[in-house]
Amino acid sequence: MSQIAQCSCGALRAEVAGEPDAVVACHCTECQRRTGSVLGVGAYYPKDRVKITGESKEFVRGTASGGEFRQNFCTTCGTTLFWSTANKPDSIGIAVGAFADPSFAPPVRSVWEQTHHAWLGLPEEIPHFSRGRTAT
Ligand SMILES: [Zn+2]
Ligand SMILES: [Zn+2]
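The numbering of the sequence shown is my numbering, which starts it at 1 and goes up by one.
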């Protein structure tokens, strides 16, 4: 099974094969700024199951743990479609919203809840972390 995530204008696309390794909801303020929404939700795939087409630009920022977060956005419409981190170079995160699929797999964990917007309800059954998974 393959699925396609795309930016607002459709010029930048990510075709993924199979199910994601993990879907993670992140409430950190970096994800809030990156998405313009109140949380970021990413689906993580091994690099070899992701095919990116179209032109993107990379923005690199530091992370709380001293690593690098490389986020890639469409040069025409600005949607951040995918990202990678220095500590997991073989994994690509894809913005779940870009699949525009309401039946997409739900998050397996919720991280950085210390900056979670209080009105936003989250499933009880998934693991919750006040910070990153390893820094709780
Ligand atoms: Zn675009
Ligand atoms: Zn985040």
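For glycine and all other residues, C-beta sits at the position ideal for the given N, C-alpha and C.
Which same chain residues end up closer than 7 Å to residue i when comparing Cβ atoms and leaving out the 5 residues on each side of it in sequence?
i	result
TRP83	PHE69, ARG70, GLN71, ASN72 and GLY93
Give me the residue from the options with the minimum Cα distance to residue i.
i	options	result
SER91	CYS7, VAL23, ALA98 and GLN3	VAL23
SER2	GLY78, ALA17 and ASP101	ALA17
GLU30	LEU120, THR76, PHE59 and ALA100	PHE59
LEU137	GLU125, ALA118 and GLU124	Only positions 1 to 136 of the chain appear in this structure, which leaves residue 137 out of reach.
THR85	GLN32, ALA98 and GLY66	GLY66
ILE126	ARG61, PRO89, ARG109 and LEU120	ARG109
Pull up the distance between the alpha-carbon of residue i and that of residue j, whole angstroms please.
i	j	result
SER37	CYS26	11 Å
SER56	GLU15	15 Å
THR101	PRO46	It is Asp, not Thr, that sits at residue 101 in the sequence shown. Near 20 Å, if we compare the C-alpha coordinates of PRO46 and ASP101.
GLY78	ASP21	26 Å
Report buried or exposed for residue i, applying the criterion of at least 16 other Cβ atoms within 10 angstroms of its Cβ.
i	result
GLY10	exposed
ARG133	exposed
GLY34	This sequence places Arg at residue 34; Gly is not what is there. Under this definition ARG34 is a buried residue.
ALA43	buried
Go through its chain and collect everything with a Cβ distance to residue i's Cβ below 6 Å, but skip five positions before and after it.
i	result
PRO76	Reading off the sequence, residue 76 comes out as Thr, not Pro. Closer than 6 Å at Cβ, skipping near neighbours: CYS9 and ALA11.
GLU113	HIS27, HIS128 and SER130
Here's a check: name, in chain order, each residue in its chain whose Cβ is nearer than 8 Å to the Cβ of residue i, leaving out the five neighbours to either side.
i	result
GLY54	CYS7, ALA11, LEU12, ARG13 and CYS74
GLN32	VAL38, LEU39, GLY40 and THR115
Subject >> Neighbourhood of ligand 1 [Cβ distance below 6 Å to any heavy atom], ordered by chain position >> reply: Listed by chain position, these are CYS7, SER8, CYS9, ALA11, LEU12, CYS74, THR76, CYS77 and THR79.
**OP:** Name all residues in chain order for which at least one heavy atom of ligand 2 lies closer than 6 Å to the residue's CB.
**Re:** Screening all residues for a C-beta within a distance smaller than 6 Å of any heavy atom in ligand 2 leaves CYS26, CYS28, GLU30, CYS31, GLY40 and TRP112, in chain order.
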